[in-house]
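Position in the sequence shown counted from 1, then plus 65, gives you the working numbering.
Presented below is the structure to which this report refers.
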Amino acid sequence: MTLGKPNSDDVAEAAEKPVFDATITPHRSLGQDGFRIVMTLVCLTSIAASIPFMVLGAWPVAGFFGLDILALFIAFKVNFNAARAFERIVVTPLEVLLRKVSHHGREKIWRSNPAWTKLERADDEDYGLLELSLVSRGQRTVVASALSPEEREGFAQALGTALAKAKRGPDFEPA
Numbered sequence: 066m067t068l069g070k071p072n073s074d075d076v077a078e079a080a081e082k083p084v085f086d087a088t089i090t091p092h093r094s095l096g097q098d099g100f101r102i103v104m105t106l107v108c109l110t111s112i113a114a115s116i117p118f119m120v121l122g123a124w125p126v127a128g129f130f131g132l133d134i135l136a137l138f139i140a141f142k143v144n145f146n147a148a149r150a151f152e153r154i155v156v157t158p159l160e161v162l163l164r165k166v167s168h169h170g171r172e173k174i175w176r177s178n179p180a181w182t183k184l185e186r187a188d189d190e191d192y193g194l195l196e197l198s199l200v201s202r203g204q205r206t207v208v209a210s211a212l213s214p215e216e217r218e219g220f221a222q223a224l225g226t227a228l229a230k231a232k233r234g235p236d237f238e239p240a
């Protein structure tokens with residue numbers, strides 16, 4: 066082992082090594098098991114509530130209970146489909162890569178040199194960090210919109226630290 070200048074392989078490897086790598090997905094408090102439980106309870110409640118109407122001869126009311134169940138099911142499915150969206154941010158000493166994928170699968174990629182990239186913030190004294198953007202050479206893109214203001218604040222600090230580290234260049238560690 067010799068100390069001194071790193072060879073070109075070490076430089077290339079260090080330059081491509083991520084300083085920061087994060088994936089942001091929308092939060093959903095209800096998982097698949099919870100969805101099944103909620104839908105089961107709603108169905109049982111609707112059946113129990115429609116029985117008196119059926120006995121009294123008002124059978125169309127039972128159909129409307131069914132429509133309510135269908136509407137609720139569709140709303141949950143739309144919500145679960147929207148949760149498939151994500152953002153992935155990777156910062157290396159050579160590049161800032163932002164990959165946004167919508168719930169439809171459409172992908173937008175934003176690339177920049179970390180030396181020219183800065184974070185822009187939109188703060189509100191009552192609500193905290195409302196918007197966080199990456200800005201480079203006149204191009205601006207919003208990031209971390211799926212996070213709450215408190216989570217966005219922590220994310221902004223971590224991303225800011227990573228950008229500063231990437232601007233310093235790769236760290237060479239003796240093997």
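By construction, the Cβ of each residue, glycine as well, lies at the ideal position given by its N, Cα and C atoms.
Residues Tyr192, Gly193, Leu194, Leu195 of the same chain have their beta carbon placed closer than 7 Å to that of Pro214, with the five preceding and five following residues left out of the count. Val155 and Ser115 have their C-alpha atoms roughly 54 Å apart.
Excluding its 5 nearest sequence neighbours in each direction, Met119 has C-beta neighbours in its own chain below 7 Å: Ala127, listed in chain order. Between the stretch 97-111 and the stretch 153-168 there are fewer than three inter-stretch CB-CB distances shorter than 8 Å, so the stretches are not counted as touching. In the DSSP annotation of this structure, the continuous segment of the alpha helix (DSSP H) that includes Arg217 starts and ends at 214-233. Per DSSP, Ala147 is one residue of the alpha helix (DSSP H) stretching across 125-147. In the three-state reduction of the DSSP assignment, Arg101 falls in the helix class. In the structure shown, the three-state DSSP call for Leu109 is helix.
The residue among Glu81, Pro83, Thr88, Val84 with its C-alpha nearest the C-alpha of Arg164 is Thr88. In this structure, Val208 places its C-beta atom within 8 Å of the C-beta atom of Glu152. Remark: C-beta atoms of Ser177 and Leu199 approach each other more closely than 8 Å. In this structure, Asp86 keeps its C-beta atom at 8 Å or more from the C-beta atom of Ser111. Within the model, the alpha-carbon separation for Thr206 versus Leu184 is close to 10 Å.
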